[in-house]
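K.L.:
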Amino acid sequence: MKLQTLEDLLIEELKDLYDAEQQLVEALPKMLGAAENPRLQEAFRTHLQETENQVARLEEVFEELGVEPEAHTCKAMKGLIAEGQQMIKAKGDADVRDAGLIGAAQRVEHYEIAAYGTARTLAQRLGRSRAAELLQTTLDEEGATDKKLTAIAEGGVNQEAAGQVSASDW
Ligand code: FE
Ligand code: FE
Ligand code: FE
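Counting along the sequence shown from 1, when you hit position 146 you're at 140 in the numbering used here, and nothing is skipped either side.
This is how it looks when you write it as structure tokens:
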């Protein structure tokens, strides 16, 4: 990889994200399938749709920059998804597993928030305001998803996992 300009760096960041989002389109249905809590299922279902849109939005960003969309393996996302996979396969209590799935999903969102924040700032810096706007839209979705997952954890999954409330309290 050769990084001569900030534009080169932006394009590298986008290629990494393009791969990361495509990995997530594959992984989210498995997270959804493993989730027990209906609110958590709904959050994964909604975010799967958003993630599909985010792949298309990245293609728009590439087009905006006059570059062919290309994916470079995001090793970090491979690792984060592998950790999520361990939660999916975990035996034991379903509510505890849900709490683990939330933790794994929030690690993913935080990675995306960092990466989109970087890409957005680079685009702004380069005067690519339309690209920056598109990246900000996705960044907002990732942030909202992270907050929603926190709310689900605080609103029941963790208490349920601790055996303090019944399933009807969701
Ligand atoms: Fe995403
Ligand atoms: Fe990456
Ligand atoms: Fe996300």
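Note that CB positions come from ideal geometry on N, CA and C, so glycine has one too.
Keep in mind the model is a prediction, meaning the values are calculated, not measured.
1. Does the beta-carbon of Q130, which I'm using as the reference point, lie nearer than 7 Å to any heavy atom of ligand 1?
2. In whole angstroms, what is the alpha-carbon distance linking G97 and H104?
3. Using 8 Å as the Cβ pair cut-off and three pairs as the minimum, do the stretch 23 to 37 and the stretch 85 to 97 touch?
4. Taking just the CA atoms, how far does L74 sit from S160?
5. For a minimum of 4 consecutive residues, which ranges assigned as the alpha helix (DSSP H) are wholly contained in the stretch 78 to 121?
6. Give me the Cβ distance between G78 and M25, rounded to the nearest whole Å; I'm assuming they're in contact under 8 Å.
7. Is it the case that the Cβ atoms of L11 and A99 are separated by a distance below 8 Å?
8. Can the beta-carbon of E54 be found closer than 8 Å to that of L128?
9. Can you tell me where the alpha helix (DSSP H) with A24 in it begins and where it stops?
10. With a threshold of 16 other CB atoms inside 10 Å of the CB of S162, please say whether the residue is buried or exposed.
11. How would you write the range of the alpha helix (DSSP H) that P63 sits in, first residue to last?
P.N.:
To lay it out plainly:
1. Start at 1 with the first residue of the sequence shown, and residue 130 comes out as number 136. No - ligand 1 has no heavy atom lying nearer than 7 Å to the Cβ of Q130.
2. Locating residue 97 in the sequence shown gives position 103, counting from the first residue. Locating residue 104 in the sequence shown gives position 110, counting from the first residue. In a straight line, the C-alpha of G97 is about 11 Å away from that of H104.
3. Flag = yes, the stretch 23 to 37 and the stretch 85 to 97 touch.
4. The residue given as residue 160 occupies position 166 in the sequence shown. The residue given as residue 74 occupies position 80 in the sequence shown. Confidence in S160 is poor, its pLDDT being 46 and thus under 50, which makes the residue's placement unreliable; the coordinate value appears in the next sentence. Answer to the nearest angstrom: the Cα atoms are 31 Å apart.
5. List check, alpha helix (DSSP H) in window: 88 to 119.
6. Position 84 of the sequence shown holds residue 78. Position 31 of the sequence shown holds residue 25. That pair is a contact at about 6 Å.
7. To locate residue 11, count along the sequence shown from 1; it is residue 17. To locate residue 99, count along the sequence shown from 1; it is residue 105. If you check the CB distance, L11 and A99 do not come in under 8 Å.
8. Taking the sequence shown and counting its residues from 1, the one referred to as residue 54 is at position 60. Taking the sequence shown and counting its residues from 1, the one referred to as residue 128 is at position 134. Contact annotation: E54 and L128 have beta-carbon atoms nearer than 8 Å.
9. Residue mapping note: residue 24 aligns to position 30 of the sequence shown, counting from 1. According to the sequence as given, residue 24 is Lys; it is not Ala. For K24, the enclosing alpha helix (DSSP H) stretches over residues L0 to A28.
10. Translated into positions along the sequence shown, residue 162 becomes position 168. With a pLDDT of only 45 at S162, under the threshold of 50, the placement of this residue in the model should not be trusted; the figure read from the coordinates follows. Exposed: under 16 other Cβ atoms inside 10 Å.
11. By one-based count along the sequence shown, residue 63 stands at place 69. For P63, there is no enclosing alpha helix (DSSP H), as DSSP marks it with neither H nor E.
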